[in-house]
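Per my numbering, the sequence shown starts with residue 2, numbered consecutively.
A short worksheet on the structure shown next.
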Amino acid sequence: MNMLSFPVHGSKHDVLGEHRAMETRFTISANARIDATTKTWTSDHWEGFTGSVVVLLTDASGNILHATDTHTYDVNGVYIGDPSREDIWNETIPEDALQNMAGYAVWQTDTPNIMITPDAFKEWAEAIAPITKAFVSQEELVRSRH
């Protein structure tokens, strides 16, 4: 039997290290819906990160009754893009989990993403091209002197 009164409000702020942070605020309503906002940000100048959040519903003994889908968000370093974002998400909670819910936990973590998109590769190539040209020009100059 549920001993909570709805709506249930919760939040968690996590500093994930290396200038990375996430904060999720949510409301669980009696109609079995969770509405949440997750803010993901970094203060690192050059390196962004990928962060993920899952909200877990627990019973009175701390057993997990339900886990939301994993919600994953990317941010860029301060000097190379948008270092902060705020995303709104919602899900339906199974009725049996809602009826037996006595608590919750929020799990937020850095989830490295090593996928290189074509756009990212193009950006890196464009950034490296002038350096490569300068290096090749210097080598040609050295060879012409010998």
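Even glycine gets a Cβ: it sits at the ideal position worked out from N, Cα and C.
Worksheet item: Between which two residues does the beta strand (DSSP E) containing residue 24 stretch?
Response: 21-30
Worksheet item: If we call anything under 7 Å between Cβ atoms a contact, is residue 52 one with residue 27?
Response: no
Item to complete: Evaluate residue 29 with the Cβ neighbour count: other Cβ atoms within 10 Å of its Cβ, from every protein chain shown; 16 or more gives buried, anything less gives exposed.
Response: buried
Worksheet item: For residue 17, which of helix, strand or coil comes out of DSSP?
Response: strand
Discussion item. Can you tell me whether residue 99 is helix, strand or coil according to DSSP?
Written reply: helix
Worksheet item: From which residue to which residue does the beta strand (DSSP E) around residue 80 run?
Response: Where residue 80 is concerned, there is no enclosing beta strand (DSSP E), given that its DSSP letter is neither H nor E.
Worksheet item: Going by Cα to Cα distance, which pick from 68, 96, 47 and 15 is closest to residue 57?
Response: 68
Practice prompt. Alpha carbon to alpha carbon, how far is residue 70 from residue 88? Give it in angstroms, no decimals.
Written response: 14 Å
Item to complete: For the beta strand (DSSP E) holding residue 50, just list the boundary residues, first then last.
Response: 50-59
Practice prompt. Measure from the alpha carbon of residue 25 to the alpha carbon of each residue in 86, 63 and 78, then state which is nearest.
Written response: 86
Worksheet item: When you compare each of 104, 111 and 32 to residue 63 by their alpha carbons, which one comes out closest?
Response: 104
Fill in: Where residue 120 falls: helix, strand or coil (DSSP)
helix
Worksheet item: In chain order, what residues of the same chain lie with their CB nearer than 8 Å to the CB of residue 84, ignoring the 5 residues before and after it?
Response: 42, 43, 44, 45, 49, 76, 77 and 78
Worksheet item: So what does residue 10 bridge to, in DSSP terms?
Response: 28
Worksheet item: Sorted by chain position, which residues of the same chain lie with C-beta nearer than 6 Å to residue 9's C-beta, five sequence neighbours on each side aside?
Response: 29
Worksheet item: Leaving out five residues before and five after residue 80 in sequence, what residues of the same chain have Cβ atoms less than 7 Å from its Cβ?
Response: 46 and 47
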